[in-house]
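**Student:**
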Amino acid sequence: MRIQFPAELPVSARREDIAEAIRDHQVVIVAGETGSGKTTQLPKICLALGRGEGAMIGHTQPRRIAARSVAERIAEELGTDLGDVVGYQVRFTDRTSKQSRVKVMTDGILLAELQHDRELKRYDTLIIDEAHERSLNIDFILGYLKQLLPRRPDLKVVITSATIDPEKFARHFADGKGQPAPIIEVSGRTYPVEVRYWPLVQVPEDDEDGEVLVRDQTEAIVAAVDELRTDTDGDVLVFLPGEREIRDTADALAKKADGPRGFEVVPLYSRLSAAEQHRVFERHSRRRVVLATNVAETSLTVPGITAVVDTGVARISRYSTRTKVQRLPIEPISQASASQRSGRCGRVEAGIAIRLYSEEDFDGRPQFTEPEILRTTLASVILQMTSLGLGDIARFPFVDPPDARNVRSGVLLLEELGALVSTGSTTGGGSRSRRPRLTGIGRKLARLPIDPQLGRMLLAADRLGCLRDVLVITAALSIQDPRERPADQQTRADQLHARFRDQRSDFMAWLNLWRHLKEQQKELGSSAFRRMCKQEHLNYLRVREWQEFES
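The sequence shown begins at 138 in the working numbering and counts up one residue at a time.
This is the structure:
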């Protein structure tokens, strides 16, 4: 194993300051723009300090795609095989060994480990990466660590954040004297970025009637890519809200990709296979247009980008207390996210970012993205907290406390599922309070790595002797629908998918589709099965995820 620090990375210039802060403090905040090298170099700084010898260095990532690629990169820089000194664990995959000193994992994996290792004894160091994303998992981990650290004085915690309000994390981890945790800032972007505004909705100044012109988003992206390929020399990164928008844009760009000024179109989103994700990091001779979800906003640094097209939207998870449904609507991103996106193109030379919205629109957006804990169902968190004996959720040290209505809604849902019962107790003033207590069903649900409502289906199915079928159904409900309806072939797709319908229940349609896929897999080879999925308008990657989830 060789520990070296690339001189071109901004974090390398501050590695002595970071190492000193880790030696002298239990919690350190490292803030810097994406691309500064925080994610790959911090584990190496910890290794150089002798951390990870008696116990591991845990390194959390908010996404599977990032956990895998980060582990591969660190192992490569150390000159070791993946799974040896450096390993990773995500849902369905564990590439660690007894020799592993650094374990990169999704934050969900670390949460699951709390069920059987409440003191996190297997780690002497924890790096919580991308904390500024403020996912529900990250916020719960930060609150849990605040309670754990006094009991684990040997545990070091490093929290990394883009330059988005790092002071909030420093205050959260203030010591007993009220002194905030130290913040080490590392520079990231080193070249200026020109921002151009191309709003899709326009009112021509010379139009007396004030007629509004609305441009098609895909057409606007194609035009923006044309302009950027003329005005810049490198690759173009386009931010889109989801897979469907990526496919539509890829189809539109494909018509120009093979021309005299040809280029390669590369998609990037979490559901792609490891090999397909690797394409983004491979050396290439042709210019590229990378079409990505917000996974490329902070989790991954795409090399060679000199221009960005920002659609200004993303899929944001939201829970409706009225309908009790978690949704993924497409919403405008915050100013901080927009700045993250434009900053992706100023790392190798001066860059240009085209925003497909107006400057007035940008100025009217919220400064930061609302933390997930303020917009999601809390049933799963309440279940885990009760299972771990963490007490009243209202007293738990969240970075931002959740809305009381959401807490009540989560408790009521768990009571309906039979996971919690509320027992009365008398307070010092003589009043009665309700304290939730875990039931036998609740203890079983807390061990299942899925939504409590789906977990309750599995427990009931096990009791009724139909677990295998319900396992298929709950797996289907845990992923995005593999059935696709392309805009130009909706009728054909509907006809093909109608074969699986069942008048009794939509759940039976999932079972019919599952059996069809299993039969086809037995008869066809891997490539032929993939072609069959495409012909029948079934998303192969989602089908594979469905099968992995079920297994």
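Glycine residues also receive a C-beta, built at the ideal position from the N, C-alpha and C atoms.
(1) Apart from the five residues on each side of it in sequence, which residues of its chain come closer than 7 angstroms, Cβ to Cβ, to P180?
(2) Using alpha carbons as the reference points, say which of E256, I202 and Q252 lies closest to T230.
(3) Would H415 be called buried (16 or more neighbouring beta carbons within 10 Å of its own) or exposed?
(4) How is T171 classed by DSSP in three states: helix, strand or coil?
(5) Please state whether DSSP places K393 in a helix, a strand or coil.
(6) Please check the pair I275 and P199, which I expect to be a contact at CB under 8 angstroms, by giving their CB distance rounded to whole angstroms.
(7) Taking three-plus beta-carbon pairs below 8 angstroms as touching, is the segment 251–264 in contact with the segment 489–499?
(8) Confirm, please, whether the CB-CB distance from G169 to E267 is below 8 angstroms.
(9) Checking the sheet assignment: what are the DSSP bridge partners for R574?
(10) Three Cβ pairs or more, each shorter than 8 angstroms: is that satisfied between the segment 356–367 and the segment 436–451?
(11) Distance check for M522 and G547, CA to CA, integer angstroms please.
(12) Can you list the alpha helix (DSSP H) stretches of 4 or more residues lying completely in the segment 150–217, in chain order?
(13) Measuring alpha carbon to alpha carbon, tell me which residue in Q141, L525 and A635 is nearest E256.
(14) Start and end of the beta strand (DSSP E) containing F277?
(15) Buried or exposed for Y328, please, with buried defined as at least 16 other CB atoms from any protein chain shown within 10 angstroms of its CB.
(16) Below 8 angstroms between beta carbons: does that hold for P466 and G449?
(17) Mind checking who L418 pairs with in its DSSP beta bridge?
(18) Secondary structure at A299, three-state DSSP: helix, strand or coil?
(19) So who's on the other strand from E331, going by DSSP bridges?
(20) Do you know offhand how far V427's Cα is from V402's?
(21) Between V164, F277, A307 and A583, which has its C-alpha nearest R289's C-alpha?
(22) If I measure Cβ to Cβ from S568 and keep anything under 6 angstroms in the same chain, skipping five residues before and after, which residues do I get?
(23) With a threshold of 6 angstroms on Cβ separation, who are the neighbours of I182 within its own chain once the five nearest residues in sequence on each side are excluded?
(24) Hey, I489 and R333: beta-carbon distance below 8 angstroms or not?
(25) Let me know the secondary structure DSSP gives L257 once reduced to three states.
(26) Locate the beta strand (DSSP E) running through Y456, then write down its first and last residues.
(27) According to the neighbour-count rule (16 or more other Cβ atoms, all chains shown, within 10 Å of its Cβ), is G566 buried or exposed?
(28) If I measure Cβ to Cβ from T386 and keep anything under 7 angstroms in the same chain, skipping five residues before and after, which residues do I get?
(29) From the DSSP output, read off the bridge partner residues of T262.
**Tutor:** From the atom records:
(1) Position 43 of the sequence shown, counted from the start, is the residue given in the question as residue 180. Closer than 7 angstroms at Cβ, skipping near neighbours: I194, H196, I211, V239 and I264.
(2) Counting from 1 along the sequence shown, the entry for residue 230 is found at position 93. The shortest C-alpha separation from T230 is found at I202.
(3) Mapped onto the sequence shown, residue 415 falls at position 278. With fewer than 16 other Cβ atoms within 10 Å, it is exposed.
(4) Position 34 of the sequence shown holds residue 171. The answer is coil: DSSP assigns T171 none of H, G, I, E or B.
(5) Taking the first residue of the sequence shown as 1, we reach residue 393 at position 256. Note: K393 maps to helix in three-state DSSP.
(6) Stepping through the sequence shown from its first residue, residue 275 is reached at position 138. Stepping through the sequence shown from its first residue, residue 199 is reached at position 62. Right, their Cβ atoms sit about 7 angstroms apart.
(7) no
(8) Stepping through the sequence shown from its first residue, residue 267 is reached at position 130. Stepping through the sequence shown from its first residue, residue 169 is reached at position 32. Not closer than 8 angstroms, so no.
(9) Within the sequence shown, the letter at position 437 stands for residue 574. DSSP lists V558 as partners of R574.
(10) yes
(11) As a working note, residue 547 is residue 410 in the sequence shown. As a working note, residue 522 is residue 385 in the sequence shown. Going by the C-alpha atoms only, they are around 12 angstroms apart.
(12) 152–161, 175–185 and 201–215
(13) Taking the sequence shown and counting its residues from 1, one reaches residue 256 at position 119. Checked all of Q141, L525 and A635; the closest Cα to E256 is L525.
(14) Position 140 of the sequence shown, counted from the start, is the residue given in the question as residue 277. First-last for F277: L273 to L285, but that is the alpha helix (DSSP H), not the beta strand (DSSP E).
(15) By 1-based counting over the sequence shown, the position of residue 328 is 191. It is exposed - the Cβ of Y328 has fewer than 16 other Cβ atoms within 10 Å.
(16) Within the sequence shown, the letter at position 329 stands for residue 466. Within the sequence shown, the letter at position 312 stands for residue 449. No, the Cβ-Cβ distance between P466 and G449 is not below 8 angstroms.
(17) On the sequence shown, position 281 is the one that residue 418 refers to. The amino acid occupying residue 418 in the given sequence is Phe; Leu does not appear at that position. Looking at the DSSP assignment, F418 forms no beta bridge with any residue, so it has no partner.
(18) Taking the first residue of the sequence shown as 1, we reach residue 299 at position 162. A299 falls in the coil class under three-state DSSP.
(19) Residue 331 sits at position 194 when you count from the first residue of the sequence shown. BP columns for E331 point to I489.
(20) For this step, residue 427 is matched to residue 290 along the sequence shown. For this step, residue 402 is matched to residue 265 along the sequence shown. Roughly 6 angstroms separates the two Cα atoms.
(21) Locating residue 289 in the sequence shown gives position 152, counting from the first residue. Cα-wise, what sits closest to R289 is V164.
(22) On the sequence shown, residue 568 is found 431 positions in, with the first residue counted as 1. With a pLDDT of 44 at S568, under the threshold of 50, the modelled position of this residue cannot be trusted; read the value that follows with caution. So no residue of the chain qualifies.
(23) Counting from one through the sequence shown, the residue named residue 182 turns up at place 45. Answer for I182: R152, I155 and A156, listed in chain order.
(24) As a working note, residue 489 is residue 352 in the sequence shown. As a working note, residue 333 is residue 196 in the sequence shown. Yes. Within cutoff.
(25) Stepping through the sequence shown from its first residue, residue 257 is reached at position 120. Looking at L257 - three-state DSSP - the assignment turns out to be coil, as it is neither helix nor strand.
(26) Within the sequence shown, residue 456 is the residue found at index 319, counting from 1. Here the beta strand (DSSP E) through Y456 covers R455 to S457.
(27) The residue you call residue 566 lines up with position 429 of the sequence shown. Low local confidence applies: a pLDDT of 48 at G566 is under 50, so the model's placement there is unreliable, with the coordinate-based value given in what follows. Classification of G566: exposed, given that the 10 Å Cβ count is below 16.
(28) Against the sequence shown, residue 386 aligns to sequence position 249. So the qualifying residues of the chain are T355, I358, V375, L377 and L428.
(29) Counted from its first residue, the sequence shown places residue 262 at position 125. The partner list for T262 (beta bridge, DSSP) reads I194 and K293.
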